[in-house]
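If you read the sequences in order, they're chains A and B. So that you can map any letter, position 62 of the first sequence is 1426 in our numbering, and since no number is skipped, the others follow by simple counting. So that you can map any letter, position 353 of the second sequence is 886 in our numbering, and since no number is skipped, the others follow by simple counting. Note that the Cβ used here is the ideal one computed from N, Cα and C, for glycine as well. Only a predicted model underlies this, so the values are computations on that prediction, with no experimental measurement involved. This report concerns only the one structure given below.
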Amino acid sequence: MEDNEEINPDGSTVPKQDAVDEANSNVDSDIVREVPDEAAPSPLACRLSEVKVPSESEEGFTSEVDPGERRGFVKFLCVLIGGIVSAVPFGAGIWAYLNPLTRETEVGGDGFVKITSLDAIPADGTPAKFSVIADKEDAWNKFKNISVGAIYLRKEAGKVKALHTVCPHLGCFIDYRSGKNDFFCPCHNSNFKLDGSIVSGVSPRPMDPLKIEIRNKVEVWVKFQNFQPGHDHPIPLS
Amino acid sequence: MKALINWIDHRTGIRSLTKEALFENIPGGSRWRYVWGSTLTFALFVQFVTGVFLWMGYSASSGDAWESVNYIQNEMTGGWLLRGIHHWMAQAMPILLLLHLMQVLVDGAYKAPREVNFWFGVILLMLVLALSLTGYLLPWDQKGYWATKVATNLANLVPFIGPEIQKLVVGGTDYGHHTLTRFFALHAGVLPALIVLLVVGHIYLFRRHGITPAEPRKKKDAYFWPDQVFKDAVACLAVMATVLFFVIWYHGAHLSSPADPSEPFSAARPDWYFLYLFQFLKLPVFAGDKEIWGAIYIPSIFVGLICLMPFFGKWKVGHFFNVGVMFAFLGGAGALTYLAKHEDVSGPNSAVYLKALLDNERDARRAIELARHEGIETTALNLLKTDPKTQGPKLFAQHCASCHRYDGHDGLAHSLLDAKSLDDLKRRTSSLKRFASSDSVHPDWLARLKDSGNTNDWQTVQAILNANIEGVYEVIAGTKFKEAPSAPDLKGFASRQWIMELLKPEMYISNRFFGGTAHKDGDMYRRFLNRKVIKYDDEEKEMLKLVALALSAEAKLPLQVNTDKADEELIQQGVDHLIDDISCINCHAFQEPDPDVEGPDLTGYGSRQWIIEFVKNPEHEKFYPESNDRMPSFGKKNILTEKEIGLIADWIRDDYYKAPNSPITH
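Laid out in structure tokens, this is it:
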């Protein structure tokens, strides 16, 4: 409790008289406050402890002027109208803010993106990183042929395997460590084998495999998509 | 609940604060005339909330501003509502400010000891106007761009440091990224912060001195709560309802076409509450080096006078002087605003103004539909600059329309899709009479109107629109021509109908085709149309028709793709007739080069490549090596680039994206 307050019997606090007086002394002394009617309290009076502040009333306040049901209704209307007009700008703002939830991302064609040619992938089975160049819709922009992500491609027993570079744990970029010949996420030290399976660390699932197609004999096409982090199986982001 | 409030109250004193706020005494009781301060606070609150949410979708760079605002307005769910509330509340604020100021003046609430609070109010007024000015530029559309340019150029007039001030405001010598980042920081950061500080001070001072009652007092004193609060709340509700009415009526706020430094916008005007200043500067007394008086000295002196009003107000006569000055100002500003509006829609230059509005509306709609359909890879302006539908007519009007026509006009006639788009214009200009009866209307179009028996004015347009509400209308055209057409009308060039008309002898020598050229005395007319075709029997006429089909198929017009495919056999017959029976190849090359003939090559006639090559050099041996009339070699002489010729060709060939319906949802 503050020093300059005192508690009323009903638990509400009002300023101590001396605190009020101190506040009043700040008021410009040459303002002559007119109090034309006995019934109407002066502006200062309402600050004094004599003013009853029955806490049972709905809004917590009543005045001694013209009590009754009508005033209760007027107060109710004040709160109602105040609530409505204040809700309008928030409503419009929140509606627009929620737009991303209802906006669907368009996927052009079958979702496969041409990455490289077979010859560009090392024959000895070491993984190589490739950028994924595709069209991207970014709010009001539609970019053509820009980087949208990266993948690791690796030859394994004559077949090409594709792994996402994004860690399934929390989305950091996974490095290939040539010295240890493994994958390593530098954020939380998750360690993966070349086939993507977990060696150690906190990742909830192995590295995300991507569908691959060889078209026209040498072209490597990958169905590039991103997945939600943190789950034990890949769930595509849409 | 009570315990919780008590707990909080012990630590914050919230109860006494609320009490302090609510139990302000109002001498003479609550009155409707006291509501304006509260409505202004409410308006500021709405602007803060909607502004912050708009901020989440806005990008302040010259390549993204229009694009992001368009995205908010036309792509984001509820974006139009959000932007609409922000825009229309901004329109309401000057009115509320004025009402507040006048109430304060008339009731004498500005007099001692309230001078400082009055000055706070005057500063707040200036700050709100600064918010309007900075906000107007942010969408980076033609309207805001050109109007704000005028405003910042006025900064140049400030004595001694004008050019430096302008450079600082603009963020360089020319408008660009930094103009937007600076304006946005002012609009969303500096000005709102200053306003919050001053509003707090304003309300503190107001409470310190109490309300100045309007005399005579009709009722007993009362507290602020709940009677005055109720009146304030109702007034806020009325303001919000009015704003929402406009928001829904206009479906948000208007966005004109993307800012383009190379494209004039003759209808650029400041927001309506600055129009009186705009009109003021048009007064002849401020011509030349006197402009600084109208733009800076007189407004500054007037603001200074307002600031001195509390001192004059000490005397009764001074008070009357103050109130009289403000009413005189209002009268003058109102008259100037009316004059500005009146000049725009009915003055001697109104045709220019209205035409600019129409042109801009066309570009704005096109930019929006292209942004939606093609997507913006660089900027929306670039979409417009590479769009045949937008650039074709402009280039045609500038380079071709001195001889050619496009459906009787210079290419720039407006085809308004429906009655609704006309209603839009009517709402935005508050007059459409002029659209149908001024120089902005194309004579050919008026001639068409004559059939309806009434060429008078807008009512005719309205009547026609009401009668054919489903149709497509060509309404307003570009400029009136000084001369009659002297080369073919190229609307539908190389289409079946166009070629069939061309092959009618009487049409060939009419103004629609070659009547105005030397070709009307050429071999095509003298030795073919007027000697042979004129005597054709029905069978030969049928063959000629097939030739027209075959020739038209050479153009591969997008509009005819399907019919050409369906008529493949007929077209093949036409090709045979073209070569054998009708023997076009006597004078024209077809399918293979023929250096001996004089007429233009018919291989690929009307195709994009054919048109480009022809326009580049009509005197090329493929076309009119000997008999070119007056057509300049646009490419050879570097009058037009190949890209520009391509835009014209694509436009004439109707080869561009057509939106199924307007992207603006109404």
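Report yes if the CB atom of residue i is closer than 8 Å to the CB atom of residue j, and no otherwise.
i, j, result
"A1498 of chain A", "V1512 of chain A", "yes"
"S789 of chain B", "Y886 of chain B", "no"
"M1076 of chain B", "H1110 of chain B", "yes"
"A766 of chain B", "C1442 of chain A", "yes"
"Y1138 of chain B", "E1087 of chain B", "yes"
"L1527 of chain A", "M1571 of chain A", "yes"
"P1091 of chain B", "R1186 of chain B", "yes"
"L687 of chain B", "A828 of chain B", "yes"
"L1574 of chain A", "F1556 of chain A", "no"
"L671 of chain B", "H735 of chain B", "no"
"Y708 of chain B", "K676 of chain B", "no"
"L808 of chain B", "T870 of chain B", "yes"
"D1488 of chain A", "V1582 of chain A", "no"
"V579 of chain B", "I618 of chain B", "yes"
"D754 of chain B", "G570 of chain B", "no"
"V1586 of chain A", "V1477 of chain A", "yes"
"Y756 of chain B", "I559 of chain B", "yes"
"E910 of chain B", "N1505 of chain A", "yes"
"W1184 of chain B", "P1021 of chain B", "no"
"T685 of chain B", "V702 of chain B", "yes"
With residue i as the anchor, note down where its alpha helix (DSSP H) starts and where it stops.
i, result
"S549 of chain B", "547 to 555"
"V683 of chain B", "675 to 688"
"A774 of chain B", "762 to 782"
"K700 of chain B", "695 to 703"
"N650 of chain B", "648 to 670"
"F845 of chain B", "831 to 845"
"V1449 of chain A", "1433 to 1461"
Which bits of chain D does residue i rub up against, with CB to CB less than 8 Å?
i, result
"L614 of chain B", "Here chain D cannot be found, since the structure's protein chains are A and B."
Nearest by alpha-carbon distance to residue i: which of the options is it?
i, options, result
"Y1058 of chain B", "B:L1103, B:G1132, B:L1084", "B:G1132"
"R741 of chain B", "B:N882, B:V649, B:I728", "B:V649"
"F779 of chain B", "B:Q624, B:I1118, B:W540", "B:Q624"
"K764 of chain B", "B:L1103, B:A1192, B:T572, B:D1114", "B:T572"
"V591 of chain B", "B:L615, B:W569, B:F578", "The residue asked about is misnamed: residue 591 of chain B is Tyr in this sequence, not Val. That would be B:L615, whose Cα lies nearest to the Cα of Y591 of chain B."
"R564 of chain B", "B:A642, B:H906, B:A593, B:A747", "B:A747"
"Q636 of chain B", "B:A645, B:F1167, B:I628, B:Y567", "B:Y567"
"S1116 of chain B", "B:L1084, B:V836, B:E1154", "B:L1084"
"L777 of chain B", "A:K1439, A:N1580, A:A1451", "A:A1451"
"T745 of chain B", "B:T706, B:G668, B:A645", "B:A645"
Start and end of the beta strand (DSSP E) containing residue i?
i, result
"V1477 of chain A", "1476 to 1481"
"R1579 of chain A", "1576 to 1579"
"V1584 of chain A", "1583 to 1587"
"E907 of chain B", "Run containing E907 of chain B: none; DSSP gives neither H nor E here."
"S1564 of chain A", "1562 to 1564"
"K1493 of chain A", "1492 to 1502"
"N882 of chain B", "Run containing N882 of chain B: none; DSSP gives neither H nor E here."
"N1555 of chain A", "1554 to 1556"
Note down, in chain order, every chain B residue with its Cβ under 8 Å from the Cβ of residue i.
i, result
"E1468 of chain A", "Near E1468 of chain A there are no residues of chain B at all, since even the closest Cβ is about 12 Å away, more than 8 Å."
"R1609 of chain A", "Only positions 1365 to 1602 of chain A appear in this structure, which leaves residue 1609 of chain A out of reach."
"I1599 of chain A", "The contacting residues do not exist; I1599 of chain A stays about 25 Å from chain B at best."
Give the residues of chain A in contact with residue i, contact being defined as C-beta atoms less than 7 Å apart.
i, result
"V767 of chain B", "I1445"
I want to verify the contact list: residues of chain A whose CB lies under 9 Å from the CB of residue i, in sequence order.
i, result
"E910 of chain B", "N1505, K1506, F1507, K1508"
"E600 of chain B", "A1503, W1504, N1505"
"N603 of chain B", "W1504"
"G611 of chain B", "G1455, A1456, G1457, I1458, W1459, A1460, Y1461, L1462, N1463"
Please list, in chain order, the chain A residues whose beta carbon lies closer than 8 Å to that of residue i.
i, result
"D760 of chain B", "V1438"
"N650 of chain B", "What N650 of chain B touches in chain A: nothing, since even the nearest Cβ is about 12 Å away."
"R618 of chain B", "Contrary to the premise, residue 618 of chain B reads as Ile rather than Arg in this sequence. Within 8 Å Cβ-Cβ: V1452, P1453, A1456."
"T583 of chain B", "P1453, A1456, G1457"
Identify the contact partners of residue i in chain B, using a Cβ-Cβ distance below 7 Å as the criterion.
i, result
"C1442 of chain A", "P759, V762, F763, A766"
"I1497 of chain A", "Neighbours of I1497 of chain A on chain B: none; closest Cβ ~15 Å, over 7 Å."
Heavy atom of the ligand ATP less than 7 Å from the Cβ of residue i, yes or no?
i, result
"L1023 of chain B", "With respect to the ligand ATP, the structure offers nothing, as it holds no ligand at all."
Review point. Residue ranges of each beta strand (DSSP E) run of no fewer than 3 residues wholly in the region 579 to 625 of chain B, ordered along the chain?
Key: Listed in chain order, nothing qualifies, since the region 579 to 625 of chain B has no complete beta strand (DSSP E) run of 3 or more residues.
Practice item. Please specify which runs of the alpha helix (DSSP H), each continuous and at least 4 residues long, are wholly inside the region 850 to 879 of chain B, giving them in chain order. Key: Runs of the alpha helix (DSSP H) spanning 4 or more residues and lying entirely within the region 850 to 879 of chain B do not occur at all.
**Study point:** Any beta strand (DSSP E) of 3 or more consecutive residues that is wholly inside the region 1521 to 1552 of chain A
**Key:** Counting only runs of 3 or more, we get 1523 to 1528, 1539 to 1541, 1546 to 1549.
Check your understanding: What are the complete alpha helix (DSSP H) segments, minimum 4 residues, inside the region 1136 to 1182 of chain B?
Key -> Within the region 1136 to 1182 of chain B, the complete alpha helix (DSSP H) segments of 4 residues or longer fall at 1141 to 1149, listed in chain order.
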